[in-house]
Amino acid sequence: MKSNTDNITSSPRHPITSLDPRINRLDLKRVAEGEQTASHLVTWEVFHQEKRGKQPTHAGIVHASTPEMALMFAKEQYARRGKTTNLWVVKTSDVYTFSSEDEEIFETTPEKTFRDPGFYKVRERIEAYQAKNKI
Amino acid sequence: MYGNTSLTAEEAKVLNASVEDPQKLEAFEARITRGEKIEPGDWMPEQYRKQLIRMIEQHAHSEIVGALPEGTWITRAPNFKRKLALIAKVQDEIGHGQLLYSAAETLGKTREQMLMDLLSGKSKYSNVFNYPANTWADMAVIGFLVDGAAIVNQIINSKGSYGPYCRALERICYEESFHLKQGHDNFVYLATGTPVQRAMLQEALNRWYRPLLHFFGPSDRDSQHSEKLMKWRVKLASNDDMRNQFLDQYVPKIYELGLTLPDPELKKGDDGIWVFGDPDWDEFKRVINGDGPCNKERIEVRRYSELAHRWVREALLNPNEKYAIPMA
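Protein chains in written order, with the working numbering: chain D, 1 to 135; chain G, 1001 to 1328.
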């Protein structure tokens, strides 16, 4: 893999006069030539439970090096407003799924109507029986 | 130019000339025509992936860089209520950047690479953030009108074909509606305040009028079209259509306060199309190519954050962990 160093151009630096006094206090030049290295914190899938008794649902991901840190970031990212009971984090690499080409294995499931309550209809049979036997 | 694709002639040529496996392409396009979303593990044309990464990444950078002019005013907000709202808004913007980086990551480009490409100038961000926020009234104009323009763009894009981007945008639009409301509140407060406050707001409005017209990118007459991007639901509305929608929604809200816009030619035609004076597209090109009032400051500040705090991330890094592409 290409080093991230390759992508930093060393542009000529000029002192910046910002409207922001905090920026003027930074020693921008000091770090401008800093060394670049690639580093990736792993990703965690975040699940959010809105209310006690409700199903936790997938909310998104965060980058973190430990589960504790992932949970802290998840709180900032996915529980800033509204209600939250709890959050779960699971390392992305620990989630095992079907590949998307396997989607067809679920294709015929909706056709299995014998698994649905609506499949079982007896009213007509009852009425026919009643008519025939004068009940 | 927020989450908006803008192609050069060369890029349009490459895109239009790209060839894919016809059978897979047909199934892919049929899925989009049926209104289904494309998910990270699905087969997709190389150019679809490329254009989406570029668009989502650019959108993410815009959120991060966009927080800088507003962050400037946190320490100088006029009262506690405004300070709370501004801190919350700036935190949201950074959160939006993170959500969008995650969506782009599902397409295979790492977050580190995107951050590096912002610093090197390889990736762009919205031009509107290369202008300074001179006074507190700029906070009102940004919160109300820049966020208003962003919402027009983001609601349209949330109807696109790529699942992770649409999901991120839905959450973003929900939060942006708070940004818009607090911006409007601030805007109305200044407009109905003392003569000094009103004058300050009018001056800020005059400063932001042009950058706002530039926001949706060059006129359709001067931009490269790609039927493919429309068909793949990567681009969903033309620049001029989005700009017109924005003017239609927001100009009346400026006029109802007795404020003006610095453009004698601005008016709505009988056909419902707004006409406006030349917003100086040469300036747009100059700023996008790095020669705006704040381009240098924005990138230097990002570079500072990235490099001065890198040791923290390196200290946190677990060398035995392997990075995996996020799933959704």
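We treat Cβ as the ideally placed atom computed from N, Cα and C, and that holds for glycine. Model, not experiment: these values are computed from the prediction.
- Counting C-beta pairs with one atom in each stretch, the segment 1102-1112 of chain G and the segment 1037-1056 of chain G have three or more that are closer than 8 Å, which means they touch.
- Leaving aside the five residues that flank G:Gln1047 on each side, the residues in its chain whose CB is nearer than 6 Å to its CB run, in chain order, Leu1015 and Ser1018.
- The Cβ neighbour count for D:Ser100, taken over all protein chains shown within 10 Å, is under 16; the residue is labelled exposed.
- If you look at D:His48, you'll find it isn't in any alpha helix (DSSP H); it sits in the beta strand (DSSP E) that goes Thr43 to Gln49.
- Cβ contact annotation for G:Pro1262 (same chain, cutoff 6 Å, sequence separation greater than five): Asn1206 and Tyr1209, in chain order.
- Residue-level contact check: G:Ala1140 does not touch chain D, since none of the beta carbons of chain D fall below 8 Å from its beta carbon.
- Under the Cβ distance rule, G:Pro1326 counts among the residues neighbouring chain D, one pair being separated by less than 8 Å.
- In the DSSP assignment, D:Leu87 forms a beta bridge with D:His48.
- Secondary-structure assignment with DSSP links D:Gly60 through a beta bridge to D:Val46.
- Annotation: G:Leu1068 to G:Lys1267 spans about 33 Å, alpha carbon to alpha carbon.
- Among the CB atoms of chain D, none fall inside 8 Å of the CB of G:Glu1170.
- According to the DSSP secondary-structure assignment, G:Val1275 is paired through a beta bridge with G:Lys1267.
- Residues of the segment 100-115 of chain D with a C-beta less than 7 Å from any C-beta of chain G: Ser100, listed in chain order.
- In the structure shown, the three-state DSSP call for G:Ile1288 is helix.
- The Cβ of G:Thr1072 sits closer than 8 Å to at least one Cβ of chain D.
- From the listed residues G:Arg1310, G:Trp1073 and G:Ser1223, the smallest Cα separation to G:Thr1135 is found for G:Trp1073.
- Remark: C-beta atoms of G:Ala1140 and G:Asn1186 approach each other more closely than 8 Å.
- Counting along the chain, the unbroken alpha helix (DSSP H) around G:Ser1120 starts and ends at Arg1111 to Ser1120.
- Under the Cβ distance rule, G:Gln1098 counts among the residues neighbouring chain D, one pair being separated by less than 8 Å.
- A direct Cα-Cα distance of roughly 25 Å separates G:Val1146 from G:His1225.
- Residues of chain G whose Cβ lies closer than 9 Å to the Cβ of D:Leu41 are, in chain order, Arg1111, Arg1313, Leu1316, Leu1317, Asn1318, Glu1321 and Tyr1323.
- A direct Cα-to-Cα measurement between G:Val1065 and G:Phe1129 gives close to 7 Å.
- Between G:Gly1163 and G:Lys1037, the C-beta spacing is below 8 Å.
- As computed with DSSP, G:Ile1038 is found in a beta bridge with G:Tyr1162.
- Judged by DSSP in its simplified three-state form, G:Glu1046 adopts helix.
- Around the C-beta of G:Gln1249, fewer than 16 other C-beta atoms lie within 10 Å, and the residue is accordingly described as exposed.
- Here DSSP, grouped into helix, strand and coil, assigns G:Gly1108 to coil.
- Counting along the chain, G:Lys1235 sits inside no alpha helix (DSSP H), nor does DSSP assign it H or E at all.
- In chain order, Thr85 place their CB closer than 6 Å to the CB of D:Arg52, counting only its own chain and leaving out the 5 sequence neighbours on each side.
- Non-local C-beta neighbours of G:Pro1040 in its own chain, meaning closer than 6 Å and more than five positions away in sequence, comprise Thr1106, ordered along the chain.
- For G:Asp1042, the C-beta contacts it makes with chain D under 7 Å involve Ser100, in order along the chain.
- Judged by pairs of C-beta atoms under 8 Å, the segment 1170-1181 of chain G touches the segment 1085-1097 of chain G, as three or more such pairs exist.
- If the five residues before and after G:Asn1127 are omitted, its C-beta is found closer than 8 Å to the C-beta atoms of Met1001, Pro1211, His1214, Phe1215, Phe1284, Val1287, Ile1288 and Gly1292, all from its own chain and listed in chain order.
- By the Cβ test, the segment 1184-1204 of chain G is not in contact with the segment 101-121 of chain D, since fewer than three Cβ pairs between them sit closer than 8 Å.
- In this structure, DSSP gives D:Pro67 a helical state, which the three-state scheme calls helix.
- Proximity of chain G to D:Glu45 at the Cβ level (cut-off 7 Å) is accounted for by Met1327, in chain order.
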